[in-house]
Amino acid sequence: MLDKSRLRIAMQKSGRLSDESQKLFASCGIKINLQQQRLIAFAENMPIDILRVRDDDIPGLVMDGVVDLGIIGENVLEEELLSRRAQGEDPRYTTLRRLDFGGCRLSIAMPLDAEYTGPQCLQNSRIATSYPHLLKRYLDEQKVRFKSCLLNGSVEVAPRAGLADAICDLVSTGATLEANGLREVDVIYRSKATLIQRDGEISDEKQELINKLLTRMQGVIQARE
Ligand code: PRP
Ligand code: ZN
Ligand code: MG
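Each step along the sequence shown adds one to the number in the numbering used here, with nothing skipped, and position 49 is 1521.
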């Protein structure tokens, strides 16, 4: 059983944010051994437990109050927020600090030979994505009607597989799009990693530890600028 008096922080187990999250913890002086393939890692020198989970699960863990802090991409956070609101929930959390890594954009991409002069070209199209709420918010604003095809992985193969006319997915270097014969036609959301805290009561000890970590992060990030 986990000790609830220890600060619980969720981070991505493997993916674009994991190395940088791990580096940030280390530069804040948290000594953890993340080598083993473990879900939970215990800090040796501070009352902190690190939970290593899928990035998509992190916003929910914070909103449900299961962990105290989480490092997550704003894109995943915003999608979870919109999704929960659509289900009638009123999810709460606090953003402590926008971080200086994990930069990427959520973009619409189409096959190289498809014509695109603006969002109207997507009228009545089918778009594959893992971010249906962010996509809908954008295209509703543009008064574009579309059908979404929800895929949680391999989104980039959807047009070739005949599943969709376009995709809406994260782009970082652009290598995935290029390898799949797709062209980025519109950026709908720009994202970075961010540190969030759960809502609700927290012990003075935990709050002091959070403040100490934030001060250290401030120093680390400023030094990198
Ligand atoms: C995103 C996206 C692409 C890739 C694009 O996945 O779904 O697969 O990154 O990056 P590139 O432009 O550098 O090629 P992500 O890393 O977020 O993984 P996940 O979908 O498994 O969370
Ligand atoms: Zn993911
Ligand atoms: Mg992916």
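Using N, Cα and C, we set each Cβ at its ideal position, and we do this for glycine too.
query, result
"Three or more C-beta pairs below 8 Å linking the stretch 1529-1537 and the stretch 1580-1587", "no"
"Euclidean distance between Cα positions of E1546 and Q1669", "14 Å"
"Spatial distance of I1543 from E1551 (CA atoms)", "15 Å"
"Reduced DSSP secondary structure (H/G/I, E/B, other) of A1636", "coil"
"Same chain, Cβ closer than 7 Å to V1629, five either side skipped, listed in chain order", "N1652"
"Collapsed DSSP secondary structure at E1579 in the structure displayed", "In the sequence as presented, Glu is not what sits at residue 1579; that position holds Ser. Strand, per DSSP."
"The ligand ZN site residues, beta-carbon cut 7 Å against heavy atoms", "G1487, R1526, D1527, D1528 and V1548"
"Beta carbon of S1477 nearer than 8 Å to that of Q1484", "no"
"Distance cut-off 7 Å: S1579 Cβ against heavy atoms of the ligand PRP", "no"
"Residues near K1619 by beta carbon distance below 6 Å, same chain, minus five either side", "R1598"
"Contact set for T1567: own chain, Cβ-Cβ below 7 Å, skip 5 residues either direction", "T1666 and I1668"
"From V1525, L1554 and R1564, residue whose alpha carbon lies closest to that of G1537", "R1564"
"Any beta strand (DSSP E) of 3 or more consecutive residues that is wholly inside the stretch 1482-1537", "1512-1514 and 1520-1525"
"Near the ligand PRP: T1645 beta-carbon under 7 Å from a heavy atom", "yes"
"Short Cβ contact (8 Å threshold) for I1481 with D1572", "no"
"Close Cβ partners of P1631 (< 6 Å) along its chain, the five nearest in sequence each way excluded", "P1583"
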